[in-house]
DNA sequence: TGCCAGGCCCTCTTTAGGGCCTT
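Residue numbers (my numbering): 276 to 481.
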């Protein structure tokens with residue numbers, strides 16, 4: 276039977292800094308596959324890209340330079356991650372960040388991204404305008420999402436983002452009466468001006 | 001060695017500035 280909701284790959288990177296354009300590299304990746312509101316598969320690995328992580332980020336993530344020296348090569352990990360994702364539509368929290376690293380790490384293998392990213396932060400800003408802020412951890416607490424482990428580790432954050440996406444999908448179906456919630460719709464909603472959202476959702480209701 | 005981003009979004013806007021989010 277075809278699933279009611281399209282399968283999504285929710286991705287999270289830990290990195291050595293904020294921008295690959297400044298020489299920063301990925302240090303850990305996690306991808307969870309979300310289908311019909313449930314996590315059905317996971318991929319997670321540290322990766323050694325040959326960079327030294329500054330103390331602030333070691334403290335933030337708990338990923339030490341010793342852990343990275345013992346990790347498999349970034350090249351090997353990214354090849355596995357790309358195969359795991361395939362052409363599955365991608366989602367990330369503040370997707371512009373993860374997209375930059377996904378594109379940059381794939382480019383080092385001579386690969387190009389095959390699909391668009393939807394952004395759970397942009398969706399949350401539009402669908403949940405009244406929460407204190409739209410950080411992933413705050414949203415997880417506000418919505419009482421399932422516990423996923425230590426924040427700022429890739430698998431915990433990817434699972435947290437996946438539960439957030441599942442919550443937003445359910446909101447769209449049950450509160451806004453939208454029968455078909457797919458990746459294309461999530462991308463479109465992320466681009467609608469906030470002031471136009473109520474009207475946009477009304478027109479989608481079935 | 002030392003340095004360190006950038007796109008979105010709001011508003012006291014558009015000839016701009018600053019906060020938010022990710023590590």
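Yeah, the Cβ is synthetic: ideal placement off N, Cα and C, and Gly gets one too. Here the structure is a predicted model, which means the values were calculated and not measured.
Residue 456 and residue 366 have their C-alpha atoms roughly 14 Å apart. In this structure, residue 380 places its C-beta atom within 8 Å of the C-beta atom of residue 349. Taken through DSSP and simplified to helix, strand or coil, residue 287 comes out as strand. At a cut-off of 4 residues, the continuous stretches assigned as alpha helix (DSSP H) that sit fully inside the region 334 to 409 are 340 to 344, 349 to 360, 370 to 382 and 395 to 402. Shortest Cα-Cα distance from residue 335 to any of 468, 448, 427 and 479 involves 427. Taking residue 354 as reference, the option from 375, 368, 384 and 372 with the minimal CA-CA separation is 384. Taking the Cα of residue 434 as reference, the smallest distance to any Cα among 317, 473, 347 and 330 is reached at 317. Going by DSSP, residue 317 is part of the beta strand (DSSP E) stretching over 313 to 321. In terms of Cβ geometry, residue 344 and residue 324 do not form a close pair [threshold 8 Å].
Excluding residues up to 5 positions away in sequence, 364, 365, 458 and 462 lie with their Cβ nearer than 8 Å to the Cβ of residue 391 in the same chain.
Judged by DSSP secondary structure, residue 310 falls within the beta strand (DSSP E) whose first and last residues are 301 to 310. In this structure, the beta-carbon distance from residue 418 to residue 432 does not fall below 8 Å. In the structure shown, the three-state DSSP call for residue 421 is coil.
Taking C-beta atoms as the reference points, residue 285 and residue 406 fail to come closer than 8 Å.
By the neighbour-count criterion, in which a residue is buried when 16 or more other Cβ atoms sit within 10 angstroms of its Cβ, residue 295 is buried.
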